[in-house]
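*Asks:* Here the working numbering is used: the first residue of the sequence shown is 1, the next is one more, and so on.
Note that CB positions come from ideal geometry on N, CA and C, so glycine has one too.
Sharing a structure with you now.
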Amino acid sequence: MKKSLAFAVWLAVSTAASAASSATTPAAAVPDGPVAHTFHVGALEVIALRDKVRSIPNDARVFGAEAGASAVAAVLAEAGASTDHIDLSVDALLVKDGAKTILLDTGLGPSAQGLLLDSLKQTRYTPEQITDVLITHVHGDHVGGLLTRDGAQAFTKATVHISAPDWAWLQEQANMAALVKIISPQVVTFAPGDQVAPGIRSVPLKGHTPGHVGYQIVSGKARLLDVGDLVHSPILSLAKPDWTITFDKDRTEGAATRRAELAKLAANHETIFAPHFPFPGIGTIKAVGDHFVWQPAN
Ligand SMILES: [Zn+2]
Numbered sequence: 001m002k003k004s005l006a007f008a009v010w011l012a013v014s015t016a017a018s019a020a021s022s023a024t025t026p027a028a029a030v031p032d033g034p035v036a037h038t039f040h041v042g043a044l045e046v047i048a049l050r051d052k053v054r055s056i057p058n059d060a061r062v063f064g065a066e067a068g069a070s071a072v073a074a075v076l077a078e079a080g081a082s083t084d085h086i087d088l089s090v091d092a093l094l095v096k097d098g099a100k101t102i103l104l105d106t107g108l109g110p111s112a113q114g115l116l117l118d119s120l121k122q123t124r125y126t127p128e129q130i131t132d133v134l135i136t137h138v139h140g141d142h143v144g145g146l147l148t149r150d151g152a153q154a155f156t157k158a159t160v161h162i163s164a165p166d167w168a169w170l171q172e173q174a175n176m177a178a179l180v181k182i183i184s185p186q187v188v189t190f191a192p193g194d195q196v197a198p199g200i201r202s203v204p205l206k207g208h209t210p211g212h213v214g215y216q217i218v219s220g221k222a223r224l225l226d227v228g229d230l231v232h233s234p235i236l237s238l239a240k241p242d243w244t245i246t247f248d249k250d251r252t253e254g255a256a257t258r259r260a261e262l263a264k265l266a267a268n269h270e271t272i273f274a275p276h277f278p279f280p281g282i283g284t285i286k287a288v289g290d291h292f293v294w295q296p297a298n
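So, in structure tokens, the structure goes:
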């Protein structure tokens, strides 16, 4: 029960947001719907794919649990954002790496209104062409899309790479048993830090889940780091990196990792893909005083 708390919280928040959407919660301020954005990292073709935009209420249940909703509202207001809700995109990446066609995360899945497969239709790739799926961590908004609406494998030709600690943790969760059963034949595990594709190495990012990783994509001198759930909101996660987030399994470790990694990313001017930042989630982190700001790529 405790082990699936973060996923349960995500579901509860999502449900609350949908229930309220027809009443008081305003619609997401950013556009939703299927979209694909193609760019290059060195010689590699990379495509950002939108799965969904979630709007969660600012009730200090996820962000700012210690600081409180009014402190959260103050940070949102300072950034010119609505103060009563927080928009979180759910996006994934496709990377064409030599003979491999690789998907990094899979979104919520069609049974949770995820539109990743519709976004994929806007590209020249089909689900059957995906050779490898790299999972950053096993929360539902990253692995839900491994299943079709009918509960079958969504990427039938793909090997699904999951870190060994996260695969072990997923198998302990009763509410994920159906998913585990269907994807088991596809899964291979790796140790956080391992090379997982010709141009892609996993990067341990501790705190969010037992084996949460980012993925460093490299081609020649060009680099892009998929940071997974190191950050969620380009406003709150960067203005208040030390605030804990309920989605983190170990909240203290998650906040420490966020602070340390953001400082490194800013110092190195690293280009990142943040799956929960506004689509396409590509940009850099800038250090400002004791916090950070998001600089979306053009
Ligand atoms: Zn997530």
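So D166 is in the beta strand (DSSP E); what residue range does that whole segment cover?
*Replies:* Segment A164 to Q171 is the alpha helix (DSSP H) holding D166; no beta strand (DSSP E) there.
*Asks:* Measuring CA to CA, which of V138, K157 and A191 is closest to L179?
*Replies:* V138
*Asks:* Any chance the region 156-174 sits against the region 186-193, with 3 or more Cβ pairs inside 8 Å?
*Replies:* yes
*Asks:* What residues are listed by DSSP as bridge partners for H85?
*Replies:* P57
*Asks:* How long is the line joining the alpha carbons of G144 and S111, rounded to whole angstroms?
*Replies:* 8 Å
*Asks:* Report the residue from F292, A36, L230 and P275 whose alpha carbon sits nearest the alpha carbon of L104.
*Replies:* Checking every option, the nearest Cα to that of L104 belongs to P275.
*Asks:* Should S233 go down as buried or exposed, given a rule of 16 or more other Cβ atoms within 10 Å for buried?
*Replies:* buried
*Asks:* From the DSSP output, which residues share a beta bridge with W294?
*Replies:* I285
*Asks:* Under 6 Å from any heavy atom of ligand 1, by CB: list those residues in chain order, please.
*Replies:* H139, D141, H142, D229 and H276
*Asks:* List, from N- to C-terminal side, the alpha helix (DSSP H) runs of 4 residues or more that fit wholly inside the region 84-134.
*Replies:* 116-121
*Asks:* Are the CB atoms of I200 and I182 within a distance shorter than 8 Å?
*Replies:* no
*Asks:* Once DSSP output is grouped into helix, strand and coil, what is the label at F279?
*Replies:* Coil at F279, not helix or strand.
*Asks:* When you compare the CB of H85 with every CB in chain B, is at least one pair closer than 8 Å?
*Replies:* Judged by its chain identifiers, the structure shown contains no chain B, having just a single protein chain.
*Asks:* Just checking my contact of F292 with I285 at CB under 8 Å: how many whole Å lie between their CB atoms?
*Replies:* 5 Å
*Asks:* Out of curiosity, what's the CA-to-CA distance linking G68 and L225?
*Replies:* 32 Å
*Asks:* When the Cα of D250 is compared with those of G207, G211 and G289, which residue comes out closest?
*Replies:* G207
*Asks:* Can you tell me whether DSSP reads G144 as helix, strand or coil?
*Replies:* helix
*Asks:* For A19, I'd like the list of residues in its chain whose CB is within less than 7 Å of its CB, leaving aside the five on either flank, ordered along the chain.
*Replies:* Only weak support is given to the placement of A19: the predicted model assigns it a pLDDT of 34, under 50, and the value that follows is read from those uncertain coordinates. Nothing listed; no residue qualifies.
*Asks:* Just reading off the alpha helix (DSSP H) that I183 is part of, what are its end residues?
*Replies:* A177 to I183
*Asks:* Does the Cβ-Cβ distance between L115 and D51 come in under 8 Å?
*Replies:* yes
*Asks:* Do the region 115-132 and the region 251-265 make contact, defined as three or more Cβ pairs closer than 8 Å?
*Replies:* Flag = no, the region 115-132 and the region 251-265 do not touch.
*Asks:* Suppose the cutoff is 7 Å on Cβ atoms and the five residues either side in sequence are ignored; what does the same chain contact list for T242 look like?
*Replies:* Position check: residue 242 holds Asp in this sequence, whereas Thr was assumed. Contacts found: A255 and R259.
*Asks:* When the Cα atoms are used, what is the spatial distance from P300 to T131?
*Replies:* Residue 300 falls outside the range modelled here, since the chain spans only 1 to 298, and no answer is possible.
*Asks:* Relative to the C-alpha of T159, which candidate in T148, Y125 and L134 has its C-alpha closest?
*Replies:* L134
*Asks:* For the alpha helix (DSSP H) that contains R252, what are its first and last residues?
*Replies:* It should be noted that the sequence gives Thr, not Arg, for residue 252. T252 -> alpha helix (DSSP H) spans R251 to A267.
*Asks:* What residues in its chain sit with their C-beta under 6 Å from that of V227, if we drop five residues either side in the sequence?
*Replies:* G214, I272 and A274
*Asks:* Three-state secondary structure (DSSP) at G236?
*Replies:* Looking at the sequence shown, residue 236 is not Gly but Leu. Three-state DSSP puts L236 in a helix.
*Asks:* Please list the terminal residues of the continuous alpha helix (DSSP H) segment that includes A36.
*Replies:* That residue, A36, is in no alpha helix (DSSP H); its beta strand (DSSP E) goes A36 to V41.
*Asks:* Taking all protein chains shown into account, decide if K221 is buried (16 or more other Cβ within 10 angstroms of its Cβ) or exposed.
*Replies:* exposed
*Asks:* Which of the three DSSP states is assigned to G151 in this structure?
*Replies:* coil
*Asks:* Have a look at E172 and D141 and give me their C-alpha separation to the nearest angstrom.
*Replies:* Looking at the two C-alpha atoms, the distance is approximately 18 Å.
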